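Engineer:
Protein chains: 2
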Amino acid sequence: MTDTWVNSAERIGADLHLELSGPGSRRAALTRALREAVRSGRLAPGTRLPPYRSLAADLGVARNTVADAYAELVAEGWLTARQGSGTRVAAGPATAPSGQGARPGQRHRQPRTPVPLPPRAHGPRHNLRQGTPDASSFPRTAWTASYRRALQAAPSEAFGPGDPAGRPELRQALTEYLARARGVRTEPDRIVICSGFAHALRLLFDRGTREGPAAGGVLRGPLGVEAYGLGFHRELFAAAGVRTVPLPLDEHGARVDALGRERAVLLTPAHQFPTGGPLHPERRAAVIDWARTRGAVVLEDDYDGEFRYDRRPVGALQGLDPERVIHVGSVSKSLSPALRLGWMVLPQRYVGPVLAAKGEREAWASVLDQLALADFVTCGAYDRHVRRMRQQYRRRRDRLVAALAARAPHVEVTGIAAGLHAVLRLPPGTERSTVKAARWQGVALDGLAAFRHPQAPTTAGDGLVVGYATPSEHAYEAALEALCEVLPPE
Amino acid sequence: MTDTWVNSAERIGADLHLELSGPGSRRAALTRALREAVRSGRLAPGTRLPPYRSLAADLGVARNTVADAYAELVAEGWLTARQGSGTRVAAGPATAPSGQGARPGQRHRQPRTPVPLPPRAHGPRHNLRQGTPDASSFPRTAWTASYRRALQAAPSEAFGPGDPAGRPELRQALTEYLARARGVRTEPDRIVICSGFAHALRLLFDRGTREGPAAGGVLRGPLGVEAYGLGFHRELFAAAGVRTVPLPLDEHGARVDALGRERAVLLTPAHQFPTGGPLHPERRAAVIDWARTRGAVVLEDDYDGEFRYDRRPVGALQGLDPERVIHVGSVSKSLSPALRLGWMVLPQRYVGPVLAAKGEREAWASVLDQLALADFVTCGAYDRHVRRMRQQYRRRRDRLVAALAARAPHVEVTGIAAGLHAVLRLPPGTERSTVKAARWQGVALDGLAAFRHPQAPTTAGDGLVVGYATPSEHAYEAALEALCEVLPPE
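If you're matching them up, the sequences are chains L and E in order. Note that the working numbering has the first sequence beginning at 1, numbered continuously upward. Note that the working numbering has the second sequence beginning at 1001, numbered continuously upward.
(1) Please classify E352/L: does DSSP put it in a helix, a strand, or coil?
(2) Name, going along the chain, the residues of the segment 1048-1072 of chain E whose beta-carbon falls closer than 7 Å to a beta-carbon of chain L.
(3) To the nearest angstrom, how far is the alpha carbon of V486/L from that of L1371/E?
(4) Whose C-beta lies closer than 7 Å to the C-beta of E1019/E among residues of the same chain, with five residues either side of it excluded?
(5) Using 8 Å as the cut-off, can you tell me whether the segment 473-489 of chain L makes contact with the segment 146-157 of chain L, which would need three or more C-beta pairs spanning the two stretches below that distance?
(6) So L1339/E contacts chain L; which residues on that side make the cut at Cβ distance below 7 Å?
(7) Is the shortest distance between the beta-carbon of F159/L and the beta-carbons of chain E less than 7 Å?
(8) From the DSSP output, in three-state form, read off G487/L for me.
(9) State yes or no: is the C-beta of A1296/E within less than 7 Å of the C-beta of G1183/E?
(10) Taking all protein chains shown into account, do 16 or more other C-beta atoms lie within 10 angstroms of the C-beta of S1098/E, making it buried, or fewer, making it exposed?
(11) Between the segment 221-229 of chain L and the segment 385-393 of chain L, can you find at least three pairs of beta-carbon atoms closer than 8 Å?
(12) Would you kindly report the start and end of the unbroken beta strand (DSSP E) that includes G86/L?
(13) Taking all protein chains shown into account, do 16 or more other C-beta atoms lie within 10 angstroms of the C-beta of R1261/E, making it buried, or fewer, making it exposed?
(14) Quick one: is G1217/E near chain L, going by C-beta distance under 7 Å?
(15) Can you pull the chain L residues whose beta carbon is under 7 Å from the beta carbon of S1472/E, in chain order?
(16) Per DSSP, which residues does L1464/E bridge with? Please list them.
(17) Roughly how far, in whole angstroms, is the beta-carbon of Q1130/E from the beta-carbon of V1465/E, given that I think they are within contact range, below 8 Å?
(18) Going residue by residue through the segment 1173-1252 of chain E, where are the continuous alpha helix (DSSP H) segments of at least 4 residues, counting only ones entirely within it?
(19) If you pair each beta-carbon of the segment 1349-1364 of chain E with each one of the segment 322-333 of chain L, do three or more pairs fall below 8 Å?
(20) Give every residue of the same chain whose Cβ lies closer than 8 Å to the Cβ of R1292/E, excluding the five residues on either side of it in the sequence, and list them in chain order.
(21) From this set, A200/L, G86/L, V66/L, F307/L, which residue's C-alpha is nearest L55/L's C-alpha?
(22) Any chance the CB of H1280/E is under 6 Å from a heavy atom of the ligand NAP?
(23) Taking only beta carbons into account, state which residues of the segment 284-314 of chain L come closer than 7 Å to chain E, listed in chain order.
(24) Quick one: grab the DSSP three-state call for W343/L.
(25) For R1088/E and G1046/E, which I take to be in contact (beta-carbon distance under 8 Å), what is that distance rounded to the nearest angstrom?
(26) Between the Cα of R1026/E and those of P1050/E, P1161/E, A1062/E, spot the shortest distance and give me the residue it belongs to.
(27) List the residues that DSSP assigns as beta-bridge partners of S1330/E.
(28) Taking 7 Å as the threshold (beta carbon to beta carbon), is V1526/E in contact with chain L?
(29) Does the beta carbon of T268/L sit closer than 7 Å to a beta carbon anywhere in chain E?
(30) List, from N- to C-terminal side, the alpha helix (DSSP H) runs of 4 residues or more that fit wholly inside the segment 366-409 of chain L.
(31) At least one CB of chain L closer than 7 Å to the CB of A1135/E: is that the case?
(32) Which residues in the same chain have their Cβ closer than 8 Å to the Cβ of D1301/E, if we skip the five residues on either side of it in sequence?
(33) Go through its chain and collect everything with a Cβ distance to P1116/E's Cβ below 8 Å, but skip five positions before and after it.
(34) Does the beta-carbon distance from V435/L to G419/L come in below 7 Å?
(35) Check the C-beta distance from R1263/E over to G1221/E and give it rounded, since I have them as a contact under 8 Å.
Structure representation (structure tokens):
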């Protein structure tokens, strides 16, 4: 360890470019400059620093300023101070986040050049994957106005720890909105706010703390699911140790008569995801009967219930029996997935356990966004936005149907005129190659097979799931053209 | 089943108060009114509804309007339609969320009177529990201005599905802020945004999906922890199956020399929580050495690093070795726990696994609040707020110390002048009765014992953890008086 610094304080200001600039006091600036000099390797480990007096004189600062800066850096571990040996640069701190790749002995001479991460993959040219609304249609002005109003009106306690049930303003607004728009029957005290559908599933099925009230999860399996659905949800269930039993699908929706000893069933009654039909009225009644008889519960995933284009949406299944259905919705399709806000409408007996699973305080959903959404719903802006998007998506769907009729009349669009996606039937055996061809052409979409439960007893055949809401308005025409290009010939 | 409805359409409008009012079309209004009549029990199960024609004439609407309304309610399961038997009220739907308590045969006569939930418990009169900033000091105006600016400037894709790493604007802003204010060395690509500290712990330790890349968790136990800490965190570890090994605490902080074969250690180096001392510089260096030698990692909980009142805060431990420390912070103490925003600054090798644990899209932290925070930090409003609160909390701490000096000079305030809480030493054997007495007097606070690890090898003695930031400014004086009242005599 060589003593490279024998009272040559000048070098600090000169060679080492010690500049006392930037915000804060002289002491803060000196501390920063010294820290940077050690970090960058300009001050090598073991280097002895000049006495306070010398450096203070050199830099034109008080002696205490230097003493404080040294003490600071000793406390942080950059410098060491030992009686009789003065203040030195500590041995060994890595120089930079990229230090792990440098060879020993070399690192202190290298300037800080972080290893660049590989750039994130660019998106496809045409995004027709299901699941997201048109991001360019987010109602920025109306939403910001609601946010501002809500924050101005909020009581102080709203900025403290949040109630895990969610803000009362939002639960009240949702109670009224869901009754009016979706036929949901509830009260604010039976609504629990969450970050979206996946969060709701976690709250219901995760095993929770070993000793907490939610030990073992609020719900248990086996869980009936539709033979086609989101693989992401199946992964969540697998992670929670919940066995899923796929129900066959036919033209009336899920075959709920296949339900037996399951403890719960997850359904998309308004618009089966992704195959696209509504659950037949008799099956709606039958699944409620099953739940009552078995003491089971129906999980209603109302993921796009607001968007039906041919008629008024079918009301929520929850309305048939609020004590047998857990109704889950979110703003992810209707407004934006960037907000991370959803809701669970719960039977009375699950309110306590779900709140226990959520914890003592709101740990997830932004309370300020909750306040804004409450205002947005109450002032009618949410209805206006949904109406506007309904028209826009309806036109999108019409354009998809028209494009296919003109350019690929043998490809049928199935399912009801609803939601943000459509299913295109393909000739048997052509799905896989079509999805592949689409990828090659920069068209992102999924085949039906991607949604099939591995143990599904039946198959829905070959088909494409086309999300027509995702592209922005100006990009949609080109996306449709690209789609028609990759469809298999008759 | 009696046929109570033989073409007496008039009763719908009269006895049943069918009013076609409210928003939307006549059909929508009729559907709503009929649904409500069934729900409330005014139309009993089995009741036959009048033919379209009669009801249409009675209400002055088109016949199709009635036909559509009936079809809607059949689809929802409220009504049944069978060839030759007309349209009838379906059997069996429960009448209201409160229906489960009603005796059979009685429920249709009962008006909808939901069982009221027990009112939420009222808070204590004086809240001196640690952990939350003064909610009444939230900078509503500046924050709303940032929110508005950020939403106006945001690209459209910001309103689509979010990058699980977090918004680039925020990661950039934090990279600069944390370097400046906390001595953290990182790049935006090594920051992952989360909902707060507990979320970070879940991302690091939860076992994740069985087959996902995070199977088994990003980090494993056994995990060294400080002998005193948040019980909530210990519960999280227990739920994740992570064994915790308590490290003794002395006047220099955690005894990191007790670390052995642990895979990771969780520390609060700037300000031990809750006992209140900083980690000694030699121990800072020692724990980094341990992590390097063992291939282990240090979790730095920088929960209140911005708030030090006697001197400049000690820089983050992370600065000593960014490849051996995971630095976790949030706005929960500095701004508000209602925002649900935090960050993890990760060694390179953990970035991929943490993102894999988080999932393909941002499922938690509000992307819009992220944008707002990026603006808030970049424009300097965050610094201004922290400065303002630092002064306020410092005054609060001074007032606490002064009140004790005047009224209970035998009760010592320990720990450094920092953070949002102080520890009051109590005579041996008096902690439990003091906490109890405080509760009786409406003063919420915790004793040190509430934070002790069950297997802690040592005890920190009797003491109270007093959160002096929680009360609003006008309530603080009364809270201090109430506190002094319950302290044990000399």
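Note that beta-carbon positions come from the ideal geometry of N, C-alpha and C, so glycine has one too. A quick note: this is a predicted structure, and the numbers were derived from the prediction, not measured.
Structural biologist: This is what the structure gives:
(1) First, the residue type needs correcting, since residue 352/L is Gly and not Glu in the sequence shown. Helix.
(2) E1072
(3) 38 Å
(4) A1033
(5) no
(6) S366, L368
(7) yes
(8) The sequence shown places Leu at residue 487/L, not Gly. In the structure shown, L487/L sits in coil (DSSP, three-state: anything other than H, G, I, E or B).
(9) no
(10) Confidence at S1098/E is low in this model, with a pLDDT of 38, below 50, so its placement is unreliable and the value that follows should be read with caution. That one is buried.
(11) no
(12) 86-89
(13) exposed
(14) no
(15) S156
(16) L1424/E, G1447/E
(17) 5 Å
(18) 1197-1205, 1231-1239
(19) no
(20) D1321, R1324
(21) V66/L
(22) Of ligands this structure carries none, so the ligand NAP is not represented either.
(23) R284, A285, R312, V314
(24) strand
(25) 6 Å
(26) A1062/E
(27) G1342/E
(28) Residue 1526/E lies beyond the range of chain E shown here (1001 to 1490); nothing can be said about it.
(29) no
(30) 367-378, 381-407
(31) yes
(32) F1197, L1266, L1267, T1268, F1273, V1328
(33) Confidence at P1116/E is low in this model, with a pLDDT of 34, below 50, so its placement is unreliable and the value that follows should be read with caution. If we look at P1116/E and ignore the five residues flanking it on each side, it has no Cβ neighbours.
(34) no
(35) 6 Å
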